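The structure is reproduced here in structure tokens:
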């Protein structure tokens, strides 16, 4: 579609760190155009440039000039809504927008585990978007809510997906090293993290990883997701890294693969066909690296423009069966970029109309 | 003993990072006096001040003035020898010193797994020092070699010791976040680690953790150590932290303790009586912390002057039985401080004579 | 004085970063005992342990058990008050405490430049404490307010003091590299400073350095300070360092010293006799280091338990006359430790009574 | 020119940090093609992939497959040679290549101050390339050596250029905060710089800045450069930043500009016309930023793909006349990118032939 015909989208929570990442990633997007930015009452009425402490790179000029709106269905008219709202706000606002006929792509945690809300990584479980029909029926909505997962859960789920598909995961112990950008802005005080690590992340980070992986790797049966029956145990750590969450994984499967089989399976995996060839699709969704000391966040997080998850060091585990390391960009693949890829799949499947206009 | 009567000790590999830590920790020690510093031929003959790029704090003035000797039993005469040699040099030199009647306290990896060499954390397995008699008999030595473990293995073994004693550890998965000082100086290039993490440490770091924990938590039966029969799986990571190795532990036991039992067991643990009340003994060898986000290396590594290992976040694990986090100072408890504590135990047990003179 | 007889002191703003530093430094102090902690209404009534997110090391147990009071002269009764209040609160509260007969040692910026308020580094300008008489007369106070300077100004003023005394400073250009702890807690977000530097610090940091150096290096004439007539130009930068402000100085003097003279002058300087031999006095207030690459914050900030300012690289300057680098601990020498040293001088001079009781 | 017709170039010192930056920046270059990589004897004969510890991003596949050659004119045949040699090697090798008819673009310090060698930032002093004729005559070379400056000098010289052109700089005090990548790989040990700053950089960094700025801002008169008559004083600091050197500048001019004039002059400046519109030319060579807290290395270093120098905080100085802050990418604008831009100018001016073939 031509530039003039791009689908108008709104960003809710546009002034925060995740909101800014949406705006950076949508800058020059071939299908979507940031038509509206919305934030708290405190920012509403100001220009976006004035309301926002921009964190990374340059603010796109067309967005800088937009007037920030309130997060209200009466004033925000775009048919597609990317939600970077925090949990306190998302609970009421996201259903309101869905009720008002908008397709809401959400980063918030509120509805991820709701039975009729798809929690989607397109390469892994695009089929779960089939829940939208049930969701609409149940609530009488013409819009919808589609969520993406916790950033660490996303990295782990993508890395596990090909192995789970083929060998059926039984148990996985996930120990994370998570970047500071995962906590938003201002987020982690520098006095807490400079030259330090913290073995805890608030907001039930470990619980989210444990339950969201089960849902994402589960299956859509009828109009419900049946969670994958494996067990997840998570230890989380915050580390002084800007972007890129690392997860160390110890895994056991119903059918134990050899190391060579497991690596070949990861290398051969393409992900769901509906996820391929979209504007935000990386050439390689999952890259297995042979170097002994990779993946590393500073070197690999931007692989595939931040949409590739990198895996390495797959080897035997003397307690479980296999162990490996995975790493992905937490604010791109694990947040805003993931939402945008979800939206692109929904355009292709017709849930979002190419002719949608405010 | 009065200051004039302190036991003279030599430091082998005195100019490197571990050697410097020995010198810092022995500065003002009530029992030991750094009488000799020895290093490679390149440094021999220079003053210590001239030969050394001192890394942390101020160089003790009496040591600065010493002339660096070659690592040769003919020129180094102290009865007690702390070895900060690298593996390439330790293999020949440490046995030479033991043969020459010296008690060698070694940080090198070479002899840690040798059957008749004790691998000791005094609080955990001081009884293993009983191997010295067998070692002397076997080699016809009047001296001895006593080793301490890999720094990450030390932290993990101390944290596991009370639980293993009471509940018999079966399996433990150890994921580490290790400080840069563990790699010595110059060690890790800043371009590799600033704002980054590396999921790998060379020199068989993972294998060392796996096998050294078994030996240290094993038992002395007759004149041999029977390794503990549990299985260890290690993932290692380097993180941009100066000092303090963190280990995330997932554990299963023969008898599953409750969380409360496990915490109480850790809190009640004092360690081997022979390890208590020595100049380098911390008031609390193992400290359980209640805060949700501790231990942290920058805040807790210097607890007990670097000799206390901190533990926290002990909780149920859905796959194994329990999980927790432990952290300790890698160059003090995990290296030079551990060696010095070993030497203090040997003074009290008479292996090192209080009247020893060069 | 015996432990039971120590002078009771109160900390205002006790829960914040500077307040915590007061409590750490006063732990075990031979003359002062933390008898009261006061903070905002939000914290009042809670135990100090409950009200405080403790940042560094362990909270002293006797203070942990204190109940936080409101910052009110009616409920805080200690005769000596260390103020870690922020500027918004200090403006009203510090005079109220002085009026109520308390000696207030303040870190806040509010009254530093007030004509009858001494701005003191004891080694540099203890004589300025003579202003207290005029201050009491002017306001009818029985108490007093004594301030210490901006942390970067303190480091620069101490480094300049011996040279100014002897050669009369005319101009100095100060470029700083300032640690994150200078901004308090939570202070600088990690996303702003990790792997980054910021060429600006809010709150008129540059102006404070420029004017406070003139006042501190000025002279008490009659009942007023005549500012030193030199000109200061400051550039400030925030850097990812935990503690220790570095200042690069380019200087010209009325009488140009040789490099050798200048170094000898710094080395010979002891500071005002009234500042020597106190509990918080460092053995060496100003240490000149010969190494080409020092001082460095991580290696030198804790010199003299954080009370020594380190100087190095004094050399010719092709534009001004001389240039050098100085570095000191910003929250110890440049904040809480400086206040405590001021109080110690006031005990010795009788302004604070050794028999003072609440 | 078509891809097949790109000019073949060789990289000397190709395996090091600067060499790698050349290869990254030349990947996909429209005019140049990396045809040869050369390095020390130790690497010669291996594939580039095998010989190189690649630091950032992915190694271009076509270069990975090249066989590393010795740095010898007999085996390296490309007409254009980018030299990332260290000073020990450059002294002999660069003249040898020039003698052999190659155009050598050098990052080494050896010949920067040589009278007949141009030291060039194209926007600033492209006219100095006129020295090549004299250089060829003097040495009887058919090739040439063209150098670019020390990375910090480059940032300072670009920021000063428009002001010097218009107001004639008299004096400038430069205090730097320099990134670790400036020291190459392995370069600065992490134990030296993590959470620390170092007020010194070896290799006469300060002297280089002082003299190279004078040469670059000097004028070509006849066949010689007359250095600019201003005086430079430099203080250097290493800081824990990956890329981007910051320079704080205090300046006086023959004609004192107002702040507004100075900012307008910077904004209006385009640089030498011959530097514009080339493949590596940034849209804006010098960007003045209005934000109070910019430029910052992590946020601004990649502006203009690393070729834009950012300036901010221009304000009155109470001692000199004006002060400001400038920041640029040290390994792109300040090293490899600068060399490539020099080469592009030489293609346009005919010194490098578009038809050049090995």
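Residue numbers (this note's numbering), protein chains in the order written: chain A, 17 to 374; chain B, 17 to 374; chain C, 17 to 374; chain D, 17 to 374. For every residue, glycine included, the Cβ atom is placed at its ideal position computed from N, Cα and C. Nothing here was measured: the structure is a model prediction, and the numbers come from that model.
Alpha-carbon to alpha-carbon, residue j and residue i
i: residue 148(A); j: residue 23(A); result: 20 Å
i: residue 85(C); j: residue 54(C); result: 4 Å
i: residue 169(B); j: residue 303(D); result: 52 Å
i: residue 227(A); j: residue 341(B); result: 22 Å
i: residue 231(D); j: residue 166(C); result: 40 Å
i: residue 188(A); j: residue 67(C); result: 39 Å
i: residue 43(A); j: residue 27(A); result: 13 Å
i: residue 259(D); j: residue 314(D); result: 7 Å
i: residue 46(D); j: residue 31(D); result: 23 Å
i: residue 80(A); j: residue 345(D); result: 26 Å
i: residue 305(A); j: residue 256(D); result: 28 Å
i: residue 262(B); j: residue 183(B); result: 23 Å
i: residue 90(B); j: residue 365(B); result: 27 Å
i: residue 97(D); j: residue 82(D); result: 16 Å
i: residue 62(B); j: residue 56(B); result: 11 Å
i: residue 309(B); j: residue 251(A); result: 12 Å
i: residue 65(C); j: residue 75(C); result: 8 Å
i: residue 92(A); j: residue 329(A); result: 47 Å
i: residue 225(C); j: residue 247(C); result: 11 Å
Partner residues on chain A for residue i, Cβ-Cβ distance less than 8 Å
i: residue 210(D); result: 211
Beta-carbon proximity of residue i to residue j, cut-off 7 Å
i: residue 25(D); j: residue 123(D); result: no
i: residue 113(B); j: residue 163(B); result: no
i: residue 117(A); j: residue 159(A); result: yes
i: residue 282(A); j: residue 327(A); result: yes
i: residue 301(C); j: residue 287(C); result: yes
i: residue 333(A); j: residue 266(A); result: yes
i: residue 193(A); j: residue 141(A); result: no
i: residue 368(A); j: residue 120(A); result: no
i: residue 190(D); j: residue 161(D); result: no
Under 9 Å from the C-beta of residue i: neighbouring residues of chain B
i: residue 72(C); result: 314 and 315
i: residue 244(A); result: Near residue 244(A) there are no residues of chain B at all, since even the closest Cβ is about 14 Å away, more than 9 Å.
Cβ-heavy atom distance, residue i to the ligand SAM, below 6 Å
i: residue 83(B); result: For the structure depicted, the ligand SAM is absent and the ligand set is empty, with no information on it obtainable.
Neighbour list for residue i in chain C, Cβ cutoff strictly below 8 Å
i: residue 334(D); result: 226, 247, 248 and 249
Partner residues on chain D for residue i, Cβ-Cβ distance less than 8 Å
i: residue 339(C); result: 249 and 251
Within chain C, the residues that residue i reaches when beta carbons sit closer than 9 Å
i: residue 309(D); result: 208, 214, 215, 216, 217, 218 and 254
request  = Residues of the stretch 344 to 355 of chain A with a CB closer than 8 Å to any CB of chain B: list them in chain order, please.
outcome  = Here the close residues number zero.
message = Along the stretch 252 to 271 of chain C, where does the CB come closer than 7 Å to a CB of chain D? Name the residues.
response = Against chain D - using a Cβ distance shorter than 7 Å - the residues of the stretch 252 to 271 of chain C are 253, 255, 256, 257, 258, 262, 264 and 266.
request  = Could you name the residues of the stretch 187 to 219 of chain D whose beta carbon sits closer than 7 Å to any beta carbon of chain C, in the order they occur along the chain?
outcome  = The residues in question are 187, 189, 191, 193, 211, 212, 213, 214, 215 and 216.
query = How do the stretch 140 to 157 of chain A and the stretch 238 to 254 of chain A stand: do at least 3 beta-carbon pairs fall below 8 Å, yes or no?
reply = Enough Cβ pairs lie closer than 8 Å, so yes.
request  = Take every Cβ of the stretch 134 to 144 of chain D, pair it with every Cβ of the stretch 355 to 363 of chain D, and state whether three or more of those distances are shorter than 8 Å.
outcome  = Counting Cβ pairs under 8 Å, three or more are found: they touch.
Cβ pair count under 8 Å reaching 3, the stretch 200 to 207 of chain C against the stretch 270 to 284 of chain C = Taking one beta carbon from each stretch, the stretch 200 to 207 of chain C and the stretch 270 to 284 of chain C have fewer than 3 pairs nearer than 8 Å; the two do not touch.
inquiry  = Closer than 8 Å between beta carbons: that is the criterion. Which residues of the stretch 163 to 179 of chain B meet it against chain A?
reply    = Listed by position along the chain: nothing, the set is empty.
Chain-ordered residues of the stretch 128 to 154 of chain D with a beta carbon less than 7 Å from chain C = So the list is empty, because no residue satisfies the distance condition.
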